[in-house]
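Numbering-wise (full-length UniProt numbering), the sequence shown opens with residue 1 and increments by one.
Working notes, beginning with the structure itself.
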Amino acid sequence: MDLRHRAPPTAHDGAIHHPNRGKRDSTSTPSASSPKASDALPLPLYLTNAIFFTLFFSVAYFLLHRWRDKIRSHTPLHVVTLSEIAAIFSLIASFIYLLGFFGIDFVQSFITRASQDAWDVDEAVSEPSPTPSPSPSITKLPPADCSMISEDDEDIVCSVVDGVTPSYALESRLGDCRRAAAIRRAALQRLTGRSLEGLPLEGFDYDSILGQCCEMPVGYVQIPVGVAGPLLLDGFEYTVPMATTEGCLVASTNRGCKAIYASGGASSVVLRDCMSRAPVVRFSTAKRAAQLKFFLEDPLNFDTLSLVFNRSSRFARLQGIQCAMAGKNAYLRFTCSTGDAMGMNMVSKGVQNVLDFLQNDFPDMDVIGISGNYCSDKKPAAVNWIEGRGKSVVCEAIITAEVVKKVLKTSVSALVELNMLKNLTGSAIAGALGGFNAHASNIVSAVFIATGQDPAQNIESSHCITMMEAVNDGRDLHVSVTMPSIEVGTVGGGTQLASQSACLNLLGVKGASKESPGSNSRLLAAIVAGSVLAGELSLMSAIAAGQLVNSHMKYNRSSKDVTKISS
Numbered sequence: 001m002d003l004r005h006r007a008p009p010t011a012h013d014g015a016i017h018h019p020n021r022g023k024r025d026s027t028s029t030p031s032a033s034s035p036k037a038s039d040a041l042p043l044p045l046y047l048t049n050a051i052f053f054t055l056f057f058s059v060a061y062f063l064l065h066r067w068r069d070k071i072r073s074h075t076p077l078h079v080v081t082l083s084e085i086a087a088i089f090s091l092i093a094s095f096i097y098l099l100g101f102f103g104i105d106f107v108q109s110f111i112t113r114a115s116q117d118a119w120d121v122d123e124a125v126s127e128p129s130p131t132p133s134p135s136p137s138i139t140k141l142p143p144a145d146c147s148m149i150s151e152d153d154e155d156i157v158c159s160v161v162d163g164v165t166p167s168y169a170l171e172s173r174l175g176d177c178r179r180a181a182a183i184r185r186a187a188l189q190r191l192t193g194r195s196l197e198g199l200p201l202e203g204f205d206y207d208s209i210l211g212q213c214c215e216m217p218v219g220y221v222q223i224p225v226g227v228a229g230p231l232l233l234d235g236f237e238y239t240v241p242m243a244t245t246e247g248c249l250v251a252s253t254n255r256g257c258k259a260i261y262a263s264g265g266a267s268s269v270v271l272r273d274c275m276s277r278a279p280v281v282r283f284s285t286a287k288r289a290a291q292l293k294f295f296l297e298d299p300l301n302f303d304t305l306s307l308v309f310n311r312s313s314r315f316a317r318l319q320g321i322q323c324a325m326a327g328k329n330a331y332l333r334f335t336c337s338t339g340d341a342m343g344m345n346m347v348s349k350g351v352q353n354v355l356d357f358l359q360n361d362f363p364d365m366d367v368i369g370i371s372g373n374y375c376s377d378k379k380p381a382a383v384n385w386i387e388g389r390g391k392s393v394v395c396e397a398i399i400t401a402e403v404v405k406k407v408l409k410t411s412v413s414a415l416v417e418l419n420m421l422k423n424l425t426g427s428a429i430a431g432a433l434g435g436f437n438a439h440a441s442n443i444v445s446a447v448f449i450a451t452g453q454d455p456a457q458n459i460e461s462s463h464c465i466t467m468m469e470a471v472n473d474g475r476d477l478h479v480s481v482t483m484p485s486i487e488v489g490t491v492g493g494g495t496q497l498a499s500q501s502a503c504l505n506l507l508g509v510k511g512a513s514k515e516s517p518g519s520n521s522r523l524l525a526a527i528v529a530g531s532v533l534a535g536e537l538s539l540m541s542a543i544a545a546g547q548l549v550n551s552h553m554k555y556n557r558s559s560k561d562v563t564k565i566s567s
């Protein structure tokens with residue numbers, strides 16, 4: 001099949017006479033002279049479509065009403081009047097037309113393609129080859145991708161390129177997610193003129209992400225997964241999976257785990273477990289908005305609101321409602337437990353139930369949005385830093401002087417001084433919001449990606465304050481991380497993908513806990529905090545010992561040119 005994108009002929013091209021062109025003059029183009037299936041219609045296509053659409057629905061409505069009246073009056077349905085016979089024939093005729101209408105563009109594409117192919121052959125024989133001029137031509141697929149497209153799929157690729165078939169509808173029309181991804185990928189390369197070679201297509205279960213994780217896939221990105229540990233936390237050992245492309249990160253975290261293990265392990269406490277959602281509503285006056293605030297914060301109304309909220313899920317349990325006002329606008333921050341799910345959808349459904357319920361007593365309440373940013377999701381916010389969101393966790397360990405010296409290659413006094421001047425004072429000077437740490441987001445992001453969490457929630461989940469203090473007469477180091485808003489889940493979203501599910505299984509927190517709902521997600525949050533503790537301990541030691549630059553030059557630099565490595 002000829003896939004060339006042929007530019008329209010110029011006036012000079014049209015001036016060259018050829019006997020086989022018949023009446024085609026200098027102003028004609030293939031698209032202008034080619035026949036169209038819609039030319040057979042007496043009216044313009046859009047008017048014809050409008051008439052038959054109106055006719056179809058009108059007679060359908062008429063017949064349904066007539067049949068309803070017959071059923072009520074016990075009149076046999078097969079007894080029809082002249083008007084009903086006409087309506088039935090009109091319904092059939094309009095249905096046949098509408099059914100055939102969807103094939104007009106399909107037939108037209110064949111007619112146009114056949115005409116253009118004939119002209120291309122005719123001109124190739126009779127005319128000298130024109131000098132190629134720069135144009136947005138459709139490029140051919142790289143050899144690696146050509147083999148992925150069958151002849152049957154080639155027509156669909158052309159249909160996507162021509163804009164006839166929407167790219168987003170391929171999965172629903174084909175019923176084959178992998179085939180849809182391959183076709184979309186081929187069409188994308190032809191439209192952009194750029195190769196996707198190096199972006200893998202094979203080896204991924206595209207059915208697993210349909211309607212859940214990613215729309216319009218064309219492949220998947222490979223991120224290496226390393227492991228740090230064992231992390232000795234609360235008397236149990238965990239091997240922590242970390243997905244990252246930053247050299248030295250896994251090695252550094254692993255060293256922190258070694259120091260914690262050699263000192264007897266770390267301990268953690270989950271202080272709070274609640275997800276939040278805060279809609280914004282508006283009234284005509286600030287006084288009316290204040291009345292809603294008082295109503296929601298009244299303890300006497302909490303049981304009723306909880307009953308309405310909790311019916312959205314068997315795991316959702318309302319914990320509290322906190323209201324803030326800005327003029328006549330009210331921001332209602334609902335917090336609830338969500339079992340082993342991260343819980344954004346769960347809490348949103350509960351909030352919607354309460355908003356519908358409140359319309360009875362506050363009919364003048366105008367719901368502006370289900371989220372008013374007082375939640376606050378995927379943004380650094382003081383409300384999360386102070387009140388917490390998701391899991392609030394504190395994790396601590398005492399590192400002995402011997403381990404500090406032999407494993408971390410520094411001293412207790414140096415770590416305490418560096419922590420005060422860097423993580424506390426330096427962050428305060430920078431105006432940090434929840435960023436009183438060395439690199440908590442590094443570890444949080446790596447664990448999040450490996451275990452199928454939402455990477456964007458790394459923003460608030462990385463809120464962390466790292467504390468270091470000399471204990472036992474200054475010989476040993478007490479180190480802790482306090483993280484008020486770790487947002488994780490072990491069910492839903494990306495946690496159900498094969499690779500991410502395997503990483504959760506490695507930690508022993510795969511899926512929902514049947515014995516104690518919510519315990520798996522709380523344990524995952526504690527492991528994240530423990531991993532951050534290890535990462536903080538190791539990086540701070542490297543900085544205190546002056547090893548940071550040397551270690552990165554050793555582990556985060558490569559002389560190998562990966563672009564020359566064949567796949």
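For each residue, glycine too, the CB sits at the ideal point set by N, CA and C.
- Only exposed fits Leu64, as fewer than 16 other CB atoms lie within 10 angstroms of its CB.
- One alpha carbon belongs to Pro224, the other to Leu358, and they sit about 49 angstroms apart.
- Segment contact: the segment 213-222 against the segment 239-247, fewer than three CB-CB distances shorter than 8 angstroms; contact not assigned.
- Contact between His478 and Val471 holds, since their C-beta atoms are separated by about 5 angstroms, short of 8 angstroms.
- Cys503 sits in a helix when the DSSP states are folded into three classes.
- Here DSSP, grouped into helix, strand and coil, assigns Glu469 to strand.
- The beta carbon of Met344 lies closer than 8 angstroms to those of Met275, Arg277 and Asp377 in the same chain, with the five residues before and after it left out.
- Bounds of any beta strand (DSSP E) do not take in Phe362, whose DSSP letter is neither H nor E.
- For Ile449, the enclosing alpha helix (DSSP H) has its first and last residue at Ala440 to Thr451.
- Across the set Arg311, Gly327 and Ser263, the C-alpha of Gly327 shows the shortest separation from the C-alpha of Ala286.
- Taken atom to atom, the span from the alpha-carbon of Pro230 to that of Ala243 is near 17 angstroms.
- The three-state secondary structure of Ile486, taken from DSSP, is strand.
- Taking C-beta atoms as the reference points, Asp364 and Arg288 count as a pair closer than 8 angstroms.
- Taking the CA atoms as reference points, Lys349 sits about 12 angstroms from Arg314.
- Nearest in C-alpha terms to Val528, of all of Gly203, Ala169, Thr253 and Glu151, is Thr253.
- With fewer than 16 other beta carbons inside 10 angstroms of its own, Thr81 counts as exposed.
- Nearest neighbour of Cys323 by Cα position, chosen from Ala446, Val383 and Met346, turns out to be Val383.
- Here Asp152 carries a helix assignment [DSSP, helix/strand/coil].
- Boundaries of the beta strand (DSSP E) harbouring Ser392: Gly390 to Ile399, taken from the DSSP string.
- Residue pairing for Glu237: DSSP places it in a beta bridge opposite Leu232.
- DSSP places Arg282 within a strand segment (E or B) once states are collapsed to three.
- Measuring C-alpha to C-alpha distances from Glu402 to each of Cys395, Glu396 and Ser411 identifies Ser411 as the nearest.
- Residues of the same chain with their beta carbon placed closer than 8 angstroms to that of Gly100 are lacking, with the five preceding and five following residues left out of the count.
- About 5 angstroms separates the beta carbons of Ile443 and Ser531, which is inside the 8 angstroms limit, making them a contact pair.
- Burial is judged here by how many other beta carbons sit within 10 angstroms of a residue's own beta carbon; Ser516 has fewer than 16 and is exposed.
- If you look at Val528, you'll find it in the alpha helix (DSSP H) that goes Ser519 to Ala544.
- In this structure, the straight-line span from the alpha carbon of Phe334 to that of Phe295 is close to 14 angstroms.
- The Cβ-Cβ distance between Asp340 and Ala525 does not fall below 8 angstroms.
- According to the DSSP assignment, Thr192 belongs to the alpha helix (DSSP H) that extends over Cys177 to Thr192.
- According to the DSSP assignment, Cys274 belongs to the beta strand (DSSP E) that extends over Ser267 to Arg277.
- Here Val354 really is in contact with Leu305; their C-beta atoms are around 6 angstroms apart, less than 8 angstroms.
- A distance of 8 angstroms or more separates the beta carbons of Gly489 and Ser541.
- CA-to-CA, the gap between Asn49 and Leu199 works out to about 43 angstroms.
- DSSP, read as helix, strand or coil, puts Met242 in strand.
- Per DSSP, reduced to three states, the secondary structure at Ser208 is helical.
- For Met346, the enclosing alpha helix (DSSP H) stretches over residues Met344 to Leu358.
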